[in-house]
Amino acid sequence: MARHRLPSDLGGTRLGQPIDRNEHRLVGWRLLCEAVRGLMLRNGLWQRDVGRRATEELGDLYEQLDYHQRRVLTMEAVLVEKGLLDPADVPPRPPGAPPLKRHATPPGEPPEDRAGKPPPHPAFAAGDRVRIRDDWPPGHIRTPAYVRGKPGRVVGVHGPYPNPETIAYGGSGLPAQWLYTVEFTQASLWDDYRGRPGDAVLVDVYGHWIQPAEDAP
Amino acid sequence: MTQRSEHNAGHGHDQHHDHHDDEADYAARMHALGSTLVDKGFVAPADIEAQIARLERAAEPGHGAKLVARAWVDPAYRQRLLTDAKAAAAELDVDASGMTQFDVLENTPTRHHVVVCTLCSCYPRPILGPPPEWYKSFEYRGRVVREPRAVLAEFGLELPDDVEIVVADSTADRRLLVLPRRPEGTEQMSEPGLAALVTRDSMIGVGEPLSGHVAP
Numbered sequence: 456m457a458r459h460r461l462p463s464d465l466g467g468t469r470l471g472q473p474i475d476r477n478e479h480r481l482v483g484w485r486l487l488c489e490a491v492r493g494l495m496l497r498n499g500l501w502q503r504d505v506g507r508r509a510t511e512e513l514g515d516l517y518e519q520l521d522y523h524q525r526r527v528l529t530m531e532a533v534l535v536e537k538g539l540l541d542p543a544d545v546p547p548r549p550p551g552a553p554p555l556k557r558h559a560t561p562p563g564e565p566p567e568d569r570a571g572k573p574p575p576h577p578a579f580a581a582g583d584r585v586r587i588r589d590d591w592p593p594g595h596i597r598t599p600a601y602v603r604g605k606p607g608r609v610v611g612v613h614g615p616y617p618n619p620e621t622i623a624y625g626g627s628g629l630p631a632q633w634l635y636t637v638e639f640t641q642a643s644l645w646d647d648y649r650g651r652p653g654d655a656v657l658v659d660v661y662g663h664w665i666q667p668a669e670d671a672p
Numbered sequence: 006m007t008q009r010s011e012h013n014a015g016h017g018h019d020q021h022h023d024h025h026d027d028e029a030d031y032a033a034r035m036h037a038l039g040s041t042l043v044d045k046g047f048v049a050p051a052d053i054e055a056q057i058a059r060l061e062r063a064a065e066p067g068h069g070a071k072l073v074a075r076a077w078v079d080p081a082y083r084q085r086l087l088t089d090a091k092a093a094a095a096e097l098d099v100d101a102s103g104m105t106q107f108d109v110l111e112n113t114p115t116r117h118h119v120v121v122c123t124l125c126s127c128y129p130r131p132i133l134g135p136p137p138e139w140y141k142s143f144e145y146r147g148r149v150v151r152e153p154r155a156v157l158a159e160f161g162l163e164l165p166d167d168v169e170i171v172v173a174d175s176t177a178d179r180r181l182l183v184l185p186r187r188p189e190g191t192e193q194m195s196e197p198g199l200a201a202l203v204t205r206d207s208m209i210g211v212g213e214p215l216s217g218h219v220a221p
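Line by line, the protein sequences give chains Z and E. Quick note, the working numbering runs 455 ahead of the 1-based positions in the first sequence. Quick note, the working numbering runs 5 ahead of the 1-based positions in the second sequence.
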């Protein structure tokens, strides 16, 4: 099976590459971009996971553009998808950008999306040893690549949340999934980790990505 | 191979040779999009102006500093902040309702937290304002979950060997704030004085609060 990794899924990359820590104050069109996105969010014209998914669909262009450039292209695509803008309202797309679509199209098998109650009880409790599924489906996935297949320990149970994998394509996110915080030791994530044994990473993971694992450390 | 090689990863727009043309192109695109949305009646110009003003005000991380300073002086409040951060924020007239869930991670003498969003740019905006550009950079997002000590050292934060570093990756609906440790020598300081020591970076976890010592 092909291992899909989203262009946005960056955890564990860019080792040693310096971070530009200059404080760039938002001005001009970038500030306008943030403002319009905030208003759309408030008016219900924008759902975070729809926007993230449309950004991920930029593919190779994702890493060639900066944050606000990606966001402008994403807003155009989402507004056309929702039927709020006509493709003719939008300037020609830059080379490499996916064509505008009038409907969101999930890749492969559409994820389950139906009205229904979430499981009434969480499947896991704090302290449980678990393993993240080693699956690599296409689509909008919020389980980072660097924890898939890895063992960890549940440290938080947060209640049912709508599933971003279906919200991303205009679905309801139902049935909701229980959300957990899973703690991974750095050593279990990276073979070459140098640091203290207690160094760890906390990741929020939806329940359908988690399996019990008595053998996890 | 589960991890994408670091070596095939570009530096983003910095390597783009048409950077200035791009900047003008995207500025024009954004202004055109804003005008179209106004023309179609989806957003009002006054709302855009108000939202820009809000964003500029929110750039001050004062809300977070208020929560932290109160937690330093009031142990019962600290406990409430750690168990129900939204309600604890509301006690101080800080509106955290825009976040689905809001949680606070407490630093201790042996455990230091640092927050990232490796998948996009999740950040407690109602508390800290818009995230700094570096928080959204490919380098910070990529590196801090794998070489946190090297990243923190670049920010000037060298933690002792007996402190464990816990990196929190905001992948879902929770927004996270770090409760840094109160600096030593601040026992006599007022709550507003303490709040002035609390930096944005200390609440992301890439820095410590300012020192309470006054230069002689």
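The C-beta atom is built at its ideal place from N, Cα and C for all residues, glycine as well. Every value quoted in this text rests on a predicted model; they were computed, and no experiment measured them.
G538 of chain Z and R508 of chain Z closer than 8 Å at C-beta: Not a contact, by the Cβ cut-off of 8 Å.
Which runs of the alpha helix (DSSP H) at least 4 residues long sit entirely within the region 52-131 of chain E? Give them in chain order. 67-78, 80-88, 90-96, all fully within the region 52-131 of chain E.
What number of angstroms, rounded off, separates the C-alpha of Q641 of chain Z from the C-alpha of V505 of chain Z? Cα-Cα distance, rounded: 31 Å.
To the nearest angstrom, how far is it from the Cα of F107 of chain E to the Cα of A559 of chain Z? The C-alpha of A559 of chain Z is placed about 30 Å away from the C-alpha of F107 of chain E.
Could you please tell me which residues of the region 465-481 of chain Z, in chain order, have their CB closer than 9 Å to any CB of chain B? Absence of chain B from the displayed structure is noted, the protein chains being Z and E.
8 Å Cβ cutoff, W633 of chain Z in contact with chain E: By this cut-off, W633 of chain Z is not an interface position.
Please name the residue in E:E144, E:G134, E:V150 whose C-alpha comes closest to that of A638 of chain Z. Note on residue identity: the sequence assigns Glu, not Ala, to residue 638 of chain Z. From the listed residues E:E144, E:G134, E:V150, the smallest Cα separation to E638 of chain Z is found for E:V150.
Looking at chain E, is there any beta carbon in it that lies within less than 8 Å of the beta carbon of E669 of chain Z? Among the residues facing chain E, E669 of chain Z is not included, as its CB has no counterpart in that chain under 8 Å away.
Report the neighbours of V527 of chain Z on chain E: residues whose CB is nearer than 7 Å to its CB, in chain order. Neighbours of V527 of chain Z on chain E, chain order: Y31, R34, M35, L38.
For E489 of chain Z, the first and last residue of its enclosing alpha helix (DSSP H): That run of the alpha helix (DSSP H) goes 483-497.
How should P135 of chain E be labelled, buried or exposed, when 16 other C-beta atoms within 10 angstroms of its C-beta is the threshold for buried? P135 of chain E should be labelled buried.
Using a Cβ cut-off of 9 Å, pull out every chain Z residue sitting near F143 of chain E, in sequence order please. What F143 of chain E touches in chain Z: L465, T468, R469, Q472, E518.
P137 of chain E touches chain Z at which residues, Cβ-Cβ below 7 Å? Within 7 Å Cβ-Cβ: E478.
Just checking: is the beta-carbon of T123 of chain E within a distance shorter than 8 Å of some beta-carbon in chain Z? So yes, T123 of chain E belongs to the interface.
Identify whether E669 of chain Z lies in helix, strand or coil by the three-state DSSP scheme. Coil, per DSSP.
Beta-carbon of V491 of chain Z versus every beta-carbon of chain E: anything under 8 Å? Residue-level contact by beta carbon holds for V491 of chain Z and chain E, with a gap shorter than 8 Å.
If we count Cβ pairs, one from each stretch, closer than 8 Å, do we get three or more for the region 177-185 of chain E versus the region 60-76 of chain E? Enough Cβ pairs lie closer than 8 Å, so yes.
My understanding is that Y648 of chain Z touches Q632 of chain Z, with C-beta atoms under 8 Å, so please give their C-beta distance in whole angstroms. Actually they are not in contact, since the Cβ atoms of Y648 of chain Z and Q632 of chain Z sit about 30 Å apart, beyond 8 Å.
Just to confirm the assignment: which complete beta strand (DSSP E) runs, minimum length 3, are found wholly within the region 560-620 of chain Z? Taking only runs of at least 3 residues, the beta strand (DSSP E) segments lying wholly in the region 560-620 of chain Z are 584-587, 606-616.
Same chain, Cβ closer than 7 Å to A581 of chain Z, neighbours up to 5 away in sequence not counted: For A581 of chain Z, where only same-chain residues beyond five positions count, the Cβ hits under 7 Å are V609, V610, G611, V612.
C-alpha gap between R460 of chain Z and W664 of chain Z, whole angstroms: Roughly 16 Å between the two C-alpha positions.
For my contact list, V119 of chain E and V172 of chain E are in at a C-beta cut-off of 8 Å; report their separation, rounded to the angstrom. So it is a contact: roughly 5 Å between Cβ atoms.
Given 8 Å as the limit, is there contact between the region 198-212 of chain E and the region 155-162 of chain E, that is, 3 or more CB pairs closer than that? The region 198-212 of chain E is in contact with the region 155-162 of chain E.
Is there a C-beta anywhere in chain E that falls below 8 Å from the one on V658 of chain Z? At a cut-off of 8 Å between C-beta atoms, V658 of chain Z counts as an interface residue with respect to chain E.
For A623 of chain Z and H595 of chain Z, the rounded distance between their alpha carbons: When rounded, the distance between both Cα atoms is 7 Å.
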